[in-house]
Amino acid sequence: MDNITHSLTGILLARAGLDRFTPHAAWILFLAANAPDADVVSAFGGSLNYLHYHRHLTHSLVALPLLPLVCVLAVRLVSRQPVNWAGAYMIALIGVASHLVLDLTNVYGVRLLLPFSERALFNGAPDANRTRRFDAIAINIPLDAGLFEPTPVTVK
Ligand SMILES: [Zn+2]
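For what it's worth, our numbering labels the leading residue of the sequence shown as 25, then goes sequentially.
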């Protein structure tokens, strides 16, 4: 799934009520919803390295409890303001989980069981149009729900 969809999902989760659990919830969820794709740094090792390590351990259940902690620490250090640690960790966990669920919908699947199994899991049969449908749904639901209301323009 693309990172615009992951980012909007994180912001949507904050606007949907998770922002009441800690200050800076939108930033925490924004980071957490994108955190598994931090494996993009593997591209510095070349294309083959990227193909091998993209959607690797950062997209596994082993990393699920660790990535939220990194996100909360990053927001805490950058903002230099207190967070509610328990609430921040829980919403970050939801944000990272949202990433894994959305990535399960693409044709590549996710190897959730790494390092114990290399098997890629995906939600249903491979379908090239499925990713586009989910992107459309993930973007349109917040728009349809009125979470991002357009600012009225007045012409004088
Ligand atoms: Zn991903």
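All residues carry an ideal CB built from backbone N, CA and C; glycine is no exception.
Could you give the uninterrupted runs of the alpha helix (DSSP H) lying entirely in the stretch 30-58, keeping only those of 4 residues or more?
49-58
Backbone CA spacing between residue 41 and residue 56 [nearest angstrom]
Translated into the one-based positions of the sequence shown, residue 41 becomes position 17. Translated into the one-based positions of the sequence shown, residue 56 becomes position 32. So the two alpha carbons sit approximately 16 Å from each other.
Does the Cβ of residue 79 lie closer than 7 Å to at least one heavy atom of ligand 1?
By one-based count along the sequence shown, residue 79 stands at place 55. Yes.
Taking 7 Å as the cut-off, does the CB of residue 92 come closer than this to any heavy atom belonging to ligand 1?
What you label residue 92 is simply residue 68 of the sequence shown in a count that begins at 1. No, Cβ of residue 92 sits at least 7 Å from all heavy atoms of ligand 1.
When we look at the beta-carbon of residue 76 and count the other beta-carbons within 10 Å, is it buried (16 or more) or exposed?
Mapped onto the sequence shown, residue 76 falls at position 52. The residue in question, residue 76, is exposed, as its Cβ has fewer than 16 Cβ neighbours within 10 Å.
Looking at residue 134: is its Cβ nearer than 8 Å to the Cβ of residue 79?
For this step, residue 134 is matched to residue 110 along the sequence shown. For this step, residue 79 is matched to residue 55 along the sequence shown. Cβ atoms of residue 134 and residue 79: closer than 8 Å.
Residue of 143, 45, 112 and 27 minimising C-alpha distance to residue 61
Locating residue 61 in the sequence shown gives position 37, where the first residue counts as 1. Answer by Cα proximity: 27.
Let me confirm a value: residue 107 is counted as buried when at least 16 other C-beta atoms fall within 10 Å, else exposed. Which label applies?
As a first step, residue 107 must be located in the sequence shown, where it is residue number 83. Counting Cβ neighbours within 10 Å, residue 107 comes out buried, since at least 16 surround it.
Quick one: what's got a C-beta closer than 6 Å to residue 59's C-beta in the same chain, skipping five residues either side?
Here residue 59 refers to the residue found at position 35 when the sequence shown is read from its first residue. Excluding sequence neighbours, residue 59 sits near 91, 95 and 120.
Would you tell me roughly how many angstroms separate the C-alpha atoms of residue 54 and residue 104, rounded to the nearest one?
Mapped onto the sequence shown, residue 54 falls at position 30. Mapped onto the sequence shown, residue 104 falls at position 80. Rounded to the nearest angstrom, the two C-alpha atoms are 18 Å apart.
Would you report the Cα separation of residue 81 and residue 178, rounded to the nearest angstrom?
In the sequence shown, the residue the question calls residue 81 occupies position 57. In the sequence shown, the residue the question calls residue 178 occupies position 154. When rounded, the distance between both Cα atoms is 51 Å.
Tell me residue 134's beta-bridge partners as DSSP assigns them.
As a first step, residue 134 is located in the sequence shown; it is residue number 110 there, counting from the start. Residue 134 pairs with 145.
Can residue 26 be considered in contact with ligand 1, in the sense that its beta carbon sits closer than 7 Å to one or more heavy atoms?
Residue 26 sits at position 2 when you count from the first residue of the sequence shown. No, the Cβ of residue 26 stays beyond 7 Å of every heavy atom of ligand 1.
With DSSP collapsed to three states, give me the class of residue 84.
As a first step, residue 84 must be located in the sequence shown, where it is residue number 60. Coil, per DSSP.
Just checking: is the beta-carbon of residue 116 within a distance shorter than 8 Å of some beta-carbon in chain B?
Checking the listed chains, one finds no chain B in this structure; it contains a single protein chain.
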